[in-house]
Structures are given as structure tokens and as C-alpha cells.
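Engineer:
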Amino acid sequence: DEHLRILDKLNEAEIFETFLQTKFVGQKRFSLEGAESTIVLLDEICDRAANDGLDEVAIGMPHRGRLNVLANIVGKSYGQIFREFEGSIDPKQVMGTGDVKYHLGAEGEFTSLAGNTVKTSVAANPSHLEAVNPVVEGIARAKMDAAGTLDKGAVLPVLLHGDASFSGQGVVYETLQMSQLRGYKTGGTIHIVVNNQVGFTTAPSESRSSTYCTDVAKAISAPIFHVNGDDPEAVARVGRLAFEYRQRFGGDVVIDLVAYRRRGHNEGDDPSFTQPKMYDLIEQKRSVRRLYTEALIGRGDISNEDAEGVMERFRARLEGVFKEVKEADGEDDSYRKVPFYPAKLGRDQGTAISRETMQLIADAQVTYPEGFAVHPKVLPQMQRRAEAIMNGPIDWATAELLAFGSLLMEGRTVRLTGQDSRRGTFSQRFAAVVDRNTNEEYIPLKHLTDDQGQFHVFDSLLSEYAVMGFEYGYSVASPQSLVLWEGQFGDFANGAQTVADEFISSGDAKWTQKSGVTLLLPHGYEGQGPDHSSARIERWLQLCSEGALAVCQPSTPASHFHLLRTHTYVNWHRPLVIMTPKSMLRSKAAASSPEDFTNGSWRPAIGDESITDPSAVQAVILCSGKIRWELVAQRAKRGLEGKVAIVSLERLYPLPTDDLAAELARYPHVTDIRFVQDEPLNQGSWPFMALHLPAALAEKMGGREVELTPVARPESSSPSVGLLKVHQAQEKVLMDQAFEGI
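Quick note on numbering: my numbering labels position 95 of the sequence shown as 1589, and the sequence is numbered without any gaps.
1. Using three-state DSSP, classify Thr1943 as helix, strand or coil.
2. If I measure Cβ to Cβ from Ala2003 and keep anything under 7 Å in the same chain, skipping five residues before and after, which residues do I get?
3. Exposed or buried, Trp1979, counting other C-beta atoms within 10 Å across all chains shown (16 or more means buried)?
4. Assuming the contact rule is C-beta atoms closer than 8 Å, Lys2076 and Pro2016 should be a hit. Round their C-beta distance to whole Å, please.
5. What is the rounded straight-line gap between the Cα of Ala2184 and the Cα of Leu2202?
6. When DSSP builds the beta bridges, which residues end up paired with Glu1603?
7. How big is the Cα-Cα spacing for Leu1853 and Ile1883?
8. Pro2088: buried (16+ other C-beta within 10 angstroms of its C-beta) or exposed?
9. Give me the Cα-Cα distance between Asn1627 and Pro1620, rounded to the nearest whole angstrom.
10. Do Val1748 and Ala1711 come within 7 Å of each other at the CB atom, strictly closer than that value?
11. Within the same chain, show all residues whose beta-carbon is closer than 6 Å to that of Glu1958, passing over the 5 residues directly before and after it, in chain order.
12. Does DSSP classify Trp2096 as helix, strand or coil?
13. Identify every run of the beta strand (DSSP E) within the stretch 1514-1587, keeping only runs that are complete inside it and at least 3 residues long; order them along the chain.
14. Would you mind sorting Glu1818 into buried or exposed? The rule is 16 or more other CB atoms within 10 Å of its CB.
15. Using 10 angstroms around the beta-carbon of Asp2230, count the other beta-carbons present and answer buried if the total reaches 16, otherwise exposed.
16. Just verifying my parser: in three-state terms, what is the DSSP assignment at Pro1938?
17. For Ile2105, which of helix, strand or coil comes out of DSSP?
18. I believe Val1649 touches Asp1549 by the beta-carbon criterion, under 8 Å. Please report the beta-carbon distance rounded to the nearest angstrom.
19. Is the distance from the Cβ of Arg2059 to the Cβ of Thr1845 below 7 Å?
20. Strictly by DSSP, which residues pair up with Met2073?
21. Have a look at the DSSP bridge pairing and note the partners of Glu2174.
22. By the 10 Å Cβ neighbour count, where 16 or more other Cβ atoms means buried, how is His2163 classified, buried or exposed?
23. Using a Cβ-Cβ cutoff of less than 7 Å, which residues in the same chain neighbour Leu1751 once the five nearest sequence positions on both sides are dropped?
24. On the premise that Ala1636 lies in contact with Tyr1936, defined as a C-beta separation below 8 Å, what is that separation, rounded to the nearest angstrom?
25. State the start and end residues of the unbroken alpha helix (DSSP H) segment that holds Asn1689.
26. Do you know how far the Cα of Phe1513 is from the Cα of His2186?
27. What is the rounded straight-line gap between the Cα of Gly1656 and the Cα of Gln1741?
28. Any idea if Pro2208 is buried or exposed, counting beta-carbon neighbours within 10 angstroms, 16 or more meaning buried?
29. Going by DSSP, what residues sit across from Arg1635 in a beta bridge?
30. Helix, strand or coil: which one does DSSP assign to Ile1998?
31. Report yes or no: do the stretch 1863-1870 and the stretch 2024-2040 share at least 3 C-beta pairs separated by less than 8 Å?
32. So for Pro1651, helix, strand or coil by DSSP?
33. How far does the beta strand (DSSP E) with Thr1911 in it reach, from first residue to last?
34. So is Leu1839 buried or exposed if we call it buried at 16+ other beta carbons inside 10 Å?
35. Just curious, the alpha helix (DSSP H) that Val1782 is in, first and last residue?
36. So which of Val1519, Ile1500, Ser1525 and Glu1496 has the shortest CA-CA distance to Phe1510?
Here it is, written out as C-alpha cells:
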């Protein structure tokens, strides 16, 4: 039975590829030819997973062999794949901009030889090799956290890699390094390196310094199996071993499937230009299916007629489906680009909370297990926090914990990770408190009520790319949770630029894959130099279109609180990028009162409540973030209260045109409207606002023309200057320009 199953899988793998090659000549499909044993390997792993009662096998893989895996492992219909080649998918069914067929995901059910089933899925991914790895891990962790099955490893991540990318892409190492960390472990991942012994046109000697492409996995002491792809029985045996290791030890395991690539990098490429000798040999090679068939016939396990019969039946099945697709008018089944993930169930939930809720959260800050020794410098902070929650003033970190705590008490899950996120980069959060004597940790927000939601807070490894990808994936699979990734400083978020570009901003448009991941990016110009000043607001705004994500820069703790709660409950599952403060964390001017939390709601733009006579206003300043309070202080210093209205844009995208138009309508006589920002003129939010805001406001204000005058630091190739004195000089010029001529 096992021999015939292996042969069946090799038949399916090879005939599927040759069928596509014949019917769709010259079209890119990134075939699996030369490494068809991959299907045997995946079949063995899924068979074991089904028999062991696992919930799901979650696959992440590149484009090579993807269509074959979708068809012969996941069970995506041949009809849908043929339609994608034909270009006959109904455009009405393709939401968003779409993506090429070998990037799309799918979900299905795998049936083992014994008749057991397991869910199988392939996550959507971009062309950026290995970028999907941490995303799949995050999806798997979220599913197990929700089901309480992490200790059983009920979702098995299987990651397929190329030999060149496994040794070349840094995110591979980052993801491996996460594998045993408590915030990121998933019970072990099976890595399959489809080793073609070439990367596009690059030979192994040019693409790695190590002996094996899998040597990077030695860093975590993962077992590595090297297996000949032309020996499918050995491949199946290694699949069994790898699965058993993962189940027994809960660790990652790597399979180096040594094979070859029969065609070029894609079907229009001629590999003999750069690897002539290799491809002379490959041209003479018989396929693994033929080799294995001959071996079985030679051993007397099957006859020639049996082998031909199996092939003919499968070929006839493909021909039948192909004919149906040719003759059909349109789709006969629903077309999807990603696996099924839970839908976000938004609700019209007010964001204000009760005094009783605040009291419970306050009490938790100063209630510790008997004998727990809080650090003598930390305890007074926690006591002051508890006092401030009820009597004010409430600072930024306290407001954030009020948001988390209230959501937990309403049954929501909150997950926060990042470098130093438990304490906070600026010693502001103390979400986890460490015993001075034993080093044990205590997390106050885990001890609010008996029926509260789960609170996960972890310090991450020192990585941006993999960790942001993980949290993105976690939010994809857990839309009811508030999932946050925090940068140590916002400047370092560009270490995960691939995740921002390929998943966060465009995942919904390309694949209808939704995520509500929240990025907390400390941002602000305080003279700390070019790498501790800017989260690159301009780049996030450049990614904004079609409502794909929200970018905000709140100016008060209460605004941050209402934003987090609104984001959790709003009926729109999209990423949120928040520029969080540094010096403003403890600013008395920016602090909020308890009443701001028991009343009110999220306001995308906040008007100037100090203006009692709008007719006396000579100029309006638009700004966002901490500069609001610097402008307020300068206005008072210059005796311009009542003459200058300062309006804060708490949300930068989607543009807060309704709120802003209503505020500007208070000053119909004012033509002097200035947009003031900390950042250089070519950075920050100004380039985006200059392009979009005047027209958007004119539309809301009955055609009233709004001209904005920018006030910013001089254009610069660097985010900021490095010398404190130069920074201070720029700050003075900026404030002078903001109020010039008034």
C-alpha cells in the first residue's frame, strides 16, 4: 500500500506539471519538476498529522512548486488553477487588486490512508523569499492560543524553502531563533529545503560559505536530515522521522531534500546559459516517477499495466476538468485567495469606561502575592499610578494600561510584544513587575477578574523583521484580539520594511487577507539624533490608499486610550500605526484627567477649546503629536492666546476631514492656515497633506479654498541633526516661523 501511495503521489506531481506545460506553453508556473518527491514528503507528514489528531498543517512556501502543492496536498480544485491560467476568473469575484497565481493561498482537508482528516492551508505570500515564515508562525500561535492547544502543538507549521534563500535570507535565522522563545514558540516547525542546487542562476559556491545550505539551523541544534530526492521511500521515511521528532520534543526539524530543477527559474528561462554542464546531465536524467516505477516493476511489486493504468486514469481526469473549464461560462465554485480566517465581529461599543473598572485596574497595580518583593524604586511608581488612575493626572503609560485592562475585563485578548516592552523602553510601562529577590515576574493585568481575557506581554528577541511578521500573522488569525508590536524606537521599524510593504499595507488588496495589527512607534524630535527621532511618518503615509491602514499620532493619553479601544471594536479589520511619544510620556501639559476616560470617545481631530471668541482668531495652526504642546507653550509666551487656534490632527490617515472641516468652519474669516511639524519639509506628514488635504477639505466645506502654509525643519536626507545645539537652534527657528507675522 505504501509503495502504491508513493507512486500515486509521484504520478500526480509529475503529470500535473507536464499537463500544465503542454496546455499553457510558456506561462510561468515555477514548476516542481526535478523535486516531485516534495509531494511524497508533504503527503507523509500530513498523513501522520491526521492520524495523530492534529487540528491543522499550516504551510508557508515560496512560488516553486506551489501550484502542485495546492492541487495535490491542499486540494485546491484543478478547475480553479486552470481558470487562473486561462484568465477566466470572474473579475467580480476578485476583490482588491489581486496577485499572481503562484502567490495565492488556499485551504482544504487532507485524508490519510487510514481515513483520518486534518485541515491543510497554504498562506498567501509575496515574491520576497522567506518573508512568509514568521507570518505562518504567528498564524499558528494565534490559533493554538485561542484553542488552548499550544502545549499539544495542535497546529503544525511546515515551511518550505529554497536552498539559496534558506542560507541567504536573514529572516530565516530570525524565525529559527524564535522557535523556543515562550512568546513565539509553536511546538516545533518542520522545515523542508527543496534543494535544487542552484538559486536562479547562482551556484551554491557563490551563495553560501557553509558546507550545507541547512547549516544555519545548527544554531538552534535542530536535527537536519539530508535525503536524496530520487529515493522517494527514503524521503517518506525522513518525513515520518521529522514528524515524530517534532511531536516528541516540540522542536524544529530540518529536511534537506536534495533534488534538481528540470527547467529554468521560470518556464521562459534557459538555465544552460549559466549552468551548461548541470543541464546537460539533467536533460539525460529520467524523472523520479520513472525511476521509482521501474524499481517497483523490477521488484515485482507492480506490473507495467498497473503503472500505465494509474497514469492514464489521472491524465484522463485532468483532461476532463480542462475540457469543463474550456466549455464553462464562468465560475462554478467560490474563488478564494487565502485560507479561511475568522471574520472580525465589530460592534458599536462606547469607548468610555466606568469608575468601577478604573478602580479595579488601579487596585491591581498595587496588589501583589504575599512575600513578593517589588523593587524599591518601582513600588512608588505603581502606587503613584494607582492614585493617578482615580484622582489624576493620568500619563501615557497609565492610559495605555487602562485601555488594555478594560478590554481584558470585557473578555478581549490583548497581546503586546517588542524589544523591552514589558518594562517599556523609557521605564514607563511596567506591565510586568519583577521580584527583587527571586527574579519571578508578576503581571498585574492578569489578575483583574475571574472571567477576563488573556493578556500576553513578552519582551521580543532583538529583531524587527520576524517579530513584526509574527504579530501581523497573529492578528490575521485572531481578529478579536488587540495585537500590538512596539518598536524600541520607531526609527527601527524599517528593519521590517518587507513586512510593512508586502503584508501590512497591501495584504488585503492583493489577497483579501486582513490584519488589525497595531504598531506602536516611538517618534519625536528631542535632539537624540537621526536614529532616535523618526518613525518615518512620510513612508507610512505613502502606503496609505483605499483605507488600507490607519496612521495616527495622538496628543493626549486619553486620545491614545480611546483610539486603542475604538480600533479593537470597530467593524474594520485593518492595521493601525501609532506614532507614540517619548518626552511626552510624562508631560504634565499633555496629561489627562479621569473624567476623560469615563466620558468622551475617539476624536480624529481635536479643536482648540481655549478659543472663546472665534472672530478674534487671526491664524489657525494644524499639527499632530507632541509639537501641539510646544506650540501651546510658545503661544502663551508670545501673548497670542485667543489670536491663534491650535488644532491637533490625531489621525493622519484616513484624513479627518469631517472633524477638521467642522473646526475650520468656526473661523470662516481666517485665510492664514499653517501646517506645523517637527520633521524636515520633505519628511513627516506634510508631503502627504500637501497632496491630499486641501482638496479633501474643499469638498467638505462647500468649495471653500484652503491654502496650507508649511512650517517645518529644512529639507534633509537624514531624519534629524546629530548635535543637540543645532537641534535647539532649529527648534527656535521652527517656533518663530510658526507664529511669524501674527
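Using N, Cα and C, we set each Cβ at its ideal position, and we do this for glycine too. Values in this document were obtained by computation on a predicted structure and should not be read as measured data.
Structural biologist: Taking the geometry as given:
1. coil
2. Gly1590, Thr1591, Glu2040 and Ala2042
3. buried
4. Indeed, because the Cβ distance is near 5 Å, the residues count as touching under 8 Å.
5. 7 Å
6. Beta bridge pairing from DSSP links Glu1603 with Lys1613.
7. Going by the sequence as given, residue 1853 is Gln instead of Leu. Taking the straight line from one Cα to the other gives about 8 Å.
8. buried
9. 11 Å
10. yes
11. Around Glu1958: Phe1986, Gly1989 and Ala1990.
12. In the three-state DSSP reduction, Trp2096 falls in the coil class, being neither helix nor strand.
13. Runs found: 1550-1554.
14. That one is exposed.
15. The residue is exposed, with fewer than 16 neighbouring Cβ atoms inside 10 Å.
16. helix
17. coil
18. Confirmed, Cβ separation roughly 6 Å.
19. It is a contact, given that the beta carbons lie within the stated cut-off.
20. Leu2015
21. One point to set straight first is that residue 2174 is Pro, not Glu, in the sequence displayed. Answer is Arg2207.
22. exposed
23. Once the five neighbours on either side are set aside, the close Cβ partners of Leu1751 are Ala1529, Ser1531, Thr1532, Leu1535, Ile1686, Val1687, Val1688, Asn1689, Val1721, Gly1723 and Val1729.
24. That belief does not hold up - the Cβ atoms of Tyr1936 and Ala1636 are roughly 25 Å apart, past 8 Å.
25. Careful: Asn1689 lies outside any alpha helix (DSSP H), inside the beta strand (DSSP E) at Ile1684 to Asn1689.
26. As the crow flies, the alpha-carbon of His2186 is around 50 Å from that of Phe1513.
27. 25 Å
28. exposed
29. In the DSSP output, where bridge partners are listed per residue, Arg1635 has none listed.
30. helix
31. no
32. strand
33. Val1908 to Gly1912
34. exposed
35. Taken as a continuous stretch (DSSP letters only), the alpha helix (DSSP H) holding Val1782 covers Val1782 to Arg1793.
36. Of Val1519, Ile1500, Ser1525 and Glu1496, the residue nearest in Cα terms is Ser1525.
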